[in-house]
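Everything below concerns the one structure shown next.
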Amino acid sequence: MPLKEVSPSRTPEDFLRRALEADSPKLRADLAREGLELGEEDLEPDTELLLLRQLYLAHLESHRFQTAVEIAGRMTELATALKDVAHHDASRAYAALGQTARAIEEQRMAARTAPPDRRSFQGWALATQLQFSGDLDGAESALRRAERWAREDRPLLRAHRAWILLELDEPVEDLDEILAELEGSSKASKGYGELVLGMLRHRMGDDARAAVHLRAFLRRNASADSAKATTLREELRRARTVLASIESD
């Protein structure tokens, strides 16, 4: 007797799960849309927010930044516990569009609405945007505030603030200790720590070690997905620029 065919699940939560596992932006977007349409009448707010975030990520990965901005706006209206995440996502999309002032405004909202366990991350994200927009004093101030909430990421934030102070031509107390602390932390081998170490070593005139760290940062992100590459666009540009200047000497 043939087995009865079991139809696939048709709940918004099932579509969310499948969207999270999708291996392409198109499939992710299609699944997120189906989940949103299926639960249009009585969709749980948290499920709706998470489905919208999958749709947002699909558009960000596909470089449809204006649509990503519009979806992020809907997310900020829905978000409760994840309000900071929604504002952070909106900030990423505005930054990708080149709308720096609006990106910073959204990231300020992310830092302001973040719960304690995400406050250091959102403050650090604000600092990076301020740094790359040219507001080094604002970036240093944002990082100082973020450090108060930092735990595991404290060595990274301390080192990043040292990088900014060196860019401001200001002295950094205990710089060797700050470097050693970051090099001995788990953050040093997870991408962004390599960038910060490379930039610090370069500022200190130690280009041999700077090049090692910057190559590691670029190598780690060589196969980054489109959304991550977009988010790290300025960091990747700066790393390549400094590495090229080192290798040309």
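In numbering that gives the first Met the number 0, the protein residues as written are 0 to 248. From the three backbone atoms N, C-alpha and C, an ideal C-beta is built for every residue, glycine too.
Contact set for residue i: own chain, Cβ-Cβ below 7 Å, skip 5 residues either direction
| i | result |
| --- | --- |
| residue 93 | 68, 101, 102, 105 |
| residue 156 | 119, 123, 142, 145, 146, 149 |
| residue 26 | none |
| residue 203 | none |
| residue 251 | Outside the modelled stretch of the chain, which goes from 0 to 248, sits residue 251, for which no answer is possible. |
| residue 232 | none |
| residue 234 | 194 |
Proximal residues to residue i (C-beta, below 6 Å), its chain only, five neighbours per side dropped
| i | result |
| --- | --- |
| residue 208 | 200 |
| residue 166 | 135 |
| residue 80 | none |
| residue 18 | 27, 30, 31, 53 |
Span separating the alpha-carbon of residue i from that of residue j
| i | j | result |
| --- | --- | --- |
| residue 230 | residue 28 | 19 Å |
| residue 178 | residue 194 | 12 Å |
| residue 63 | residue 95 | 10 Å |
| residue 213 | residue 197 | 5 Å |
| residue 73 | residue 21 | 22 Å |
| residue 126 | residue 163 | 10 Å |
| residue 238 | residue 9 | 46 Å |
| residue 227 | residue 70 | 18 Å |
| residue 6 | residue 222 | At residue 6 the pLDDT is 42, less than 50, meaning the model places this residue with poor confidence; the figure from the coordinates comes in the next sentence. Taking the straight line from one Cα to the other gives about 37 Å. |
| residue 272 | residue 12 | Missing from the structure shown is residue 272; the chain here goes from 0 to 248 and no further. |
| residue 182 | residue 206 | 16 Å |
| residue 210 | residue 99 | 29 Å |
Exposure of residue i, with buried meaning 16 or more beta-carbon neighbours within 10 Å
| i | result |
| --- | --- |
| residue 189 | exposed |
| residue 138 | buried |
| residue 90 | buried |
| residue 173 | exposed |
| residue 236 | exposed |
| residue 65 | exposed |
| residue 57 | buried |
| residue 248 | exposed |
| residue 60 | buried |
| residue 115 | exposed |
Any chain C beta carbon closer than 9 Å to residue i
| i | result |
| --- | --- |
| residue 63 | The structure shown contains no chain C, having only a single protein chain. |
Contact set for residue i: own chain, Cβ-Cβ below 8 Å, skip 5 residues either direction
| i | result |
| --- | --- |
| residue 36 | none |
Quiz item: Contact between the stretch 129-139 and the stretch 108-117: three or more CB pairs below 8 Å?
Solution: By the criterion of at least three beta-carbon pairs nearer than 8 Å, the stretch 129-139 is not in contact with the stretch 108-117.
Exercise. State whether the stretch 48-57 contacts the stretch 210-218, with contact taken as three or more CB pairs (one from each stretch) at a distance under 8 Å.
Key: No, because fewer than three Cβ pairs between the stretch 48-57 and the stretch 210-218 fall closer than 8 Å, the two stretches do not touch.
Quiz item: Counting only runs that start and end within the stretch 9-68, where is the alpha helix (DSSP H) found for 4 or more residues in a row?
Solution: List check, alpha helix (DSSP H) in window: 11-19, 24-37, 44-60.
Practice problem: May I have a chain-ordered list of the alpha helix (DSSP H) segments no shorter than 4 residues that lie completely inside the stretch 67-148? | Solution: Within the stretch 67-148, the complete alpha helix (DSSP H) segments at least 4 residues long are 82-95, 99-112, 115-132, 135-146, listed from N- to C-terminus.
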